[in-house]
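A quick write-up on the structure given underneath.
2 protein chains.
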Amino acid sequence: MLTGLNIVIMGGDARYLEVIRKLNEMDAQLTLIGFDQLDQYFNGAVKADIDDIDAAKVDAIVLPANGTDENGFIETIFSNKPVKLTEEWLEKTPAHCSVYSGIGTPYLERCLRSANRELVKLFERDDLAIYNSVPTAEGTLMLVIQNTDFTIHGANVLILGLGRTGMTLARIFHALGAKVKVAARRPEHLARIAEMGLSPFHIDDLESHVGDVDICLNTIPAKVLTGKVIAKMPAQALIVDIASKPGGTDFRYAEKRGIKAILAPSLPGIVAPKTAGRIIANVLTDLLIEKFGEESEEA
Amino acid sequence: MLTGLNIVIMGGDARYLEVIRKLNEMDAQLTLIGFDQLDQYFNGAVKADIDDIDAAKVDAIVLPANGTDENGFIETIFSNKPVKLTEEWLEKTPAHCSVYSGIGTPYLERCLRSANRELVKLFERDDLAIYNSVPTAEGTLMLVIQNTDFTIHGANVLILGLGRTGMTLARIFHALGAKVKVAARRPEHLARIAEMGLSPFHIDDLESHVGDVDICLNTIPAKVLTGKVIAKMPAQALIVDIASKPGGTDFRYAEKRGIKAILAPSLPGIVAPKTAGRIIANVLTDLLIEKFGEESEEA
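Listed in order, the protein sequences are those of chains A and B.
Start counting the first sequence at 0; every next residue gets the next number (numbering that gives the first Met the number 0).
Start counting the second sequence at 0; every next residue gets the next number (numbering that gives the first Met the number 0).
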């Protein structure tokens, strides 16, 4: 339980309704900033403006998936009022106050460093990334089915990278009956691909493996699908690039070559906001219990 | 090979381009009726009107998936001219001439019986139905991902029927990490469901198994999802009914109850026309070789 813990939720999309629901269920004392247009009612949670709250009493701050923009403004889907996080405000919080953001942005990193408060980047955690790979893979499935006139079953599928998402994609496309090849660099990854019953090859040999590809799924955030590689692909191939923006594909060349290439870097919040919200909520709850633990129950 | 065999393709959608491609590759002599607006060129295949051709020389006739309408007209996606199949015309064909349709319609059955020609209903064949279950299952996946805000992984999925499509759905949704229950009636089906590591139950007990369902997939062409059953489902459940029209769901009651229910009876031609076309082409080729066999090579 998180009884008595003062948590401020600042902005966020539909996923954060699951975060609010879960933290509320854990008996935390919630203040919601940037939710004034939200119809849903959470018993005990209080809607407020940032200027109304006493920073000195805040134990934890939850920011949206994308943190803040370069001027410190926070994305608020459920409000029209701008919300800005400042160093001055953060300095008024107690020293133990932690900020939980999806990712770190230059503004946020700078601000937190100056104020000397802890910044936890949830999306950089392996556990969250692995849980998130499930909605990512299902979103990829959807895009592939929508954008091909053939079935995944029996198709030649090439997956680039056996990271946290690459492994989930490999497992799922294999289970659907695709012929799956996976490109990787690290020897332990190549070994794991072979163990999974799939065909491994070294990413440096990519050019010689794309000649018969039907579907190419990239998870590597580096320019791997270069013009030279795309030139060797069949014209009816489909590329889905789910690496962080700007992806790893030469989209300009793909278009010129007439190859359909889709950049889809943040599928979980789009295809399964409820599940994606629960994933954030569960990991966040674990971290809060770990940090504030049993004391909060006495608070 | 089907060298010298005179085959008339009458109408059909994008799937039938694969049929034309394959039969052409097998060296059959093709006449295309209802394709005058088709840009694609097939070497050796001749476009014609039904009145231009000599019925006495026709060995086989390929009709669209849905056969004819109740007046004998044939669906022609690639033409504006109406094409009608008549008993009189069929009687002019040689006695060995066979008609290959997706399904049988009352008009078609009557017409073929009177003319005393063989009618092969491709979609009633087990092999074709099993191959077709793959694009059907992938189309179902797409609909489910599009229409839920949670992942299939971890969801309570209920599949009604372990027929040719039910088994494919069960296997695929299980592989994606769903908790799958399958309803069936026949003891050998209930045994197979258990063998697959899934939870079987008798379809007569349906009412007591829907209380926690997230996704319900129906393959049974009979009123199984009655108002009484739907009344016991959670409000956020999704029903996808892929049984032949009109499906097995009380759609009126589902809507009243606020439960999303989708009737999607012919997914293969929609989500994977190329694969669905190849499936028809392969089964058709096998049947033609079986019937006309080696003789056709001498013709």
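Backbone N, C-alpha and C fix where the C-beta goes; we use that ideal spot for every residue, glycine too.
Delimiting residues of the beta strand (DSSP E) encompassing residue i
| i | result |
| --- | --- |
| Asn5/A | 5–9 |
| Val179/A | 178–183 |
| Ile171/A | No beta strand (DSSP E) contains Ile171/A, which is instead part of the alpha helix (DSSP H) from 163–174. |
| Ile158/B | 155–159 |
| Glu117/A | 117–120 |
| Val98/A | 97–100 |
| Val45/B | 45–47 |
Where residue i falls: helix, strand or coil (DSSP)
| i | result |
| --- | --- |
| Asp126/B | helix |
| Ala253/A | helix |
| Cys215/A | strand |
| Asn281/A | helix |
| Asp240/A | strand |
| Gln36/B | coil |
| Leu1/A | coil |
| Asn65/B | coil |
| Glu194/A | helix |
| Pro233/B | coil |
| Ser265/B | coil |
| Pro81/A | coil |
| Lys222/A | coil |
| Val270/B | helix |
| Pro134/B | helix |
| Val143/A | helix |
| Lys290/B | helix |
| Ile73/A | strand |
| Pro186/A | helix |
| Val228/A | helix |
| Ile60/B | strand |
| Ala260/B | strand |
Close beta carbons around residue i, own chain, < 8 angstroms, minus the five adjacent residues each side
| i | result |
| --- | --- |
| Asp12/A | Pro63, Ala64, Glu74, Ile76, Gly268, Pro272 |
| His152/A | Leu175, Gly176, Ala177 |
| Asp203/B | Arg184 |
| Gln36/A | Phe77, Ser78, Asn79 |
| Asp285/B | none |
| Leu111/B | Leu89, Val98, Glu117, Leu118 |
| Gly257/A | Ala234 |
Proximity test, residue i beta-carbon vs the ligand SAM heavy atom, cut-off 7 angstroms
| i | result |
| --- | --- |
| Ser100/A | Among the ligands in the structure shown, none appear at all, so the ligand SAM cannot be discussed. |
Own chain partners of residue i with C-beta closer than 6 angstroms, once the 5 adjacent residues on each side are dropped
| i | result |
| --- | --- |
| Leu189/A | Ala183, Pro199 |
| Thr92/A | Ala54, Val57 |
| Asn61/A | In the sequence as presented, Asn is not what sits at residue 61/A; that position holds Val. These residues qualify, in order along the chain: Ile8, Tyr99. |
| Leu168/B | Ala136, Ile158, Leu216 |
| Ala59/B | Ile6, Ser97 |
| Ala260/A | Ile238, Thr248, Phe250, Ala253 |
| Glu86/A | Cys110, Ser113, Ala114 |
| Thr147/B | Leu237 |
Chain-order list of residues whose beta-carbon lies under 7 angstroms from that of residue i (same chain, five-residue window excluded)
| i | result |
| --- | --- |
| Gly162/B | Thr218 |
| Leu205/B | Ala182, Val223, Val228 |
| Pro105/B | Glu69 |
| Asp51/A | none |
| Met25/A | Met0, Leu1, Thr284 |
| Ser132/A | Arg163, Thr164, Thr167 |
Residue range of the unbroken alpha helix (DSSP H) whose run includes residue i
| i | result |
| --- | --- |
| Ser113/A | 105–114 |
| Lys21/A | 14–24 |
| Leu89/B | 86–90 |
Below 8 angstroms, can you find three or more Cβ-Cβ pairs linking the stretch 205–225 of chain B to the stretch 238–253 of chain B? yes
Would you say the stretch 136–154 of chain A touches the stretch 88–104 of chain A, given that touching needs at least three Cβ pairs under 8 angstroms? With the cut-off at 8 angstroms, the stretch 136–154 of chain A and the stretch 88–104 of chain A do not touch.
Taking three-plus beta-carbon pairs below 8 angstroms as touching, is the stretch 38–48 of chain B in contact with the stretch 275–294 of chain A? Because the criterion of three Cβ pairs below 8 angstroms is not met, the stretch 38–48 of chain B and the stretch 275–294 of chain A do not touch.
Using 8 angstroms as the cut-off, can you tell me whether the stretch 123–137 of chain B makes contact with the stretch 159–173 of chain B, which would need three or more C-beta pairs spanning the two stretches below that distance? yes
When Cβ atoms are compared, which residues of the stretch 259–271 of chain A fall closer than 9 angstroms to chain B? Pro267, Val270, Ala271
Which residues, in chain order, does the stretch 141–173 of chain B contribute to contact with chain A at a C-beta distance below 8 angstroms? Met141, Ile144, Gln145, Thr147, Asp148, Phe149, Thr150, Ile151, His152, Gly153, Ile171
Note down, in chain order, all residues in the stretch 185–200 of chain B with a beta-carbon under 7 angstroms from any beta-carbon belonging to chain A. Taking 7 angstroms as the Cβ-Cβ cut-off against chain A, none of the residues of the stretch 185–200 of chain B qualify.
Quick one, which residues of the stretch 272–294 of chain B are near chain D if we go by CB-CB under 7 angstroms, in chain order? This model lacks chain D altogether, as its protein chains are A and B.
If the cut-off is 8 angstroms on Cβ atoms, which residues from the stretch 115–143 of chain A count as contacting chain B, listed in chain order? From the stretch 115–143 of chain A, only Val133, Pro134, Glu137, Gly138, Leu140, Met141 have a Cβ closer than 8 angstroms to chain B.
Given a limit of 8 angstroms on CB to CB distance, which residues of the stretch 231–250 of chain B reach chain A? none
With 8 angstroms as the C-beta to C-beta threshold (strictly closer), list the residues of the stretch 13–28 of chain A near chain B in chain order. Ala13
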